[in-house]
Structures are given as structure tokens and as C-alpha cells.
Amino acid sequence: MSQTNFSDIALSEEAKRAISEMGYDDATLIQSQSIPLILEGHDVIGRSQTGSGKTAAFGLPAIEIIDSTVNPKTVQVLILCPTRELAVQACSEIRKFAKYKNGINVVPIYGG
3 MSQTNFSDIA LSEEAKRAIS EMGYDDATLI QSQSIPLILE GHDVIGRSQT GSGKTAAFGL
63 PAIEIIDSTV NPKTVQVLIL CPTRELAVQA CSEIRKFAKY KNGINVVPIY GG
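Oh and the sequence shown: position 38 is 40 in the numbering used here, straight run, nothing missing.
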């Protein structure tokens, strides 16, 4: 299978700019297969190895579907993680993806 460049995926220019600044050019397999489906409104269950880019696979479409004109106190996306460490890590990465998107607040919420 050939590599898919992020420039070939239907993402906003703001998201593409953030991805480029993070040093990524090509999407991984999980990203190239899941991002377009999620953006089309499909539910996706993805499974992939550690370090394969799963956070971007769900995080990028999540920031793309957020409507910044909605009340900023309205939760539009909720991402569940099995551990505090993964919640903090996912939050950190998604903040980087959302760097140039206005009206998006990414916050980790965890217990104990």
C-alpha cells in the first residue's frame, strides 16, 4: 500500500499547518484509513500497535468537527482513555493539532 500524505486528506489548513510543524508529512495506515471515514460521520473501531498514530487518527477528525460558533461551555467531543497517563498524553497531542483552530479547548479530566 502506498503512503498517503496529510495534504491529500480533507483536513483544514489550520490542522495541516500544525501537522507540518510537528514534522509529519505522511499519514500512518490507521490514520489514512480512519480519518476520512470519521470525517464522513462513520463510526470507526480502530486497532493498531503502540506508536502507530492512533491519537491523530481520532484526534484530528475530532478537532475538525468542532463547531467554534457553539457556546464555548458546550462539550462537543469526549474522548475516553483507560489511564490518567494516556488521558494527559492524548490531551497534549490533540492540543498541538488544534494549535491554529480558534475556539477549541482541550482539557484532560481524570480521577484518583
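We put the CB at the ideal spot given by N, CA and C, even for glycine.
*Proximal residues to K101 (C-beta, below 6 Å), its chain only, five neighbours per side dropped*: Excluding sequence neighbours, K101 sits near A20.
*Using the beta-carbon count (16 or more within 10 Å), is I111 buried or exposed?*
By the neighbour-count rule (16 or more Cβ atoms within 10 Å), I111 is not buried but exposed.
*Return helix, strand or coil for D115, following the three-state DSSP convention.*
The chain is shown only over 3 to 114; residue 115 falls outside these bounds and no answer can be derived.
*Flag this pair as yes or no: are the beta carbons of I65 and A17 separated by less than 8 Å?*
Yes, Cβ-Cβ distance for I65 and A17 is below 8 Å.
*L13 versus Q35 - alpha carbon distance*: So the alpha carbons of these two residues sit roughly 14 Å apart.
_C-beta contact flag for I40 and F60 at 8 Å_ = Yes, they are a contact pair.
*Do you know how far the Cα of Q33 is from the Cα of I58?*
For clarity, residue 58 is Ala in the given sequence; the question names Ile instead. For A58 and Q33, the distance between alpha carbons rounds to 7 Å.
*For the candidate residues V108, G114 and S9, whose alpha-carbon lies nearest to that of T76?*
Distances from the CA of T76 to each of V108, G114 and S9 were compared; the closest alpha carbon is that of V108.
*asked:* Distance check for R86 and D113, CA to CA, integer angstroms please.
replied: First, the residue type needs correcting, since residue 113 is Gly and not Asp in the sequence shown. If I take the Cα positions, the gap works out to 8 Å.
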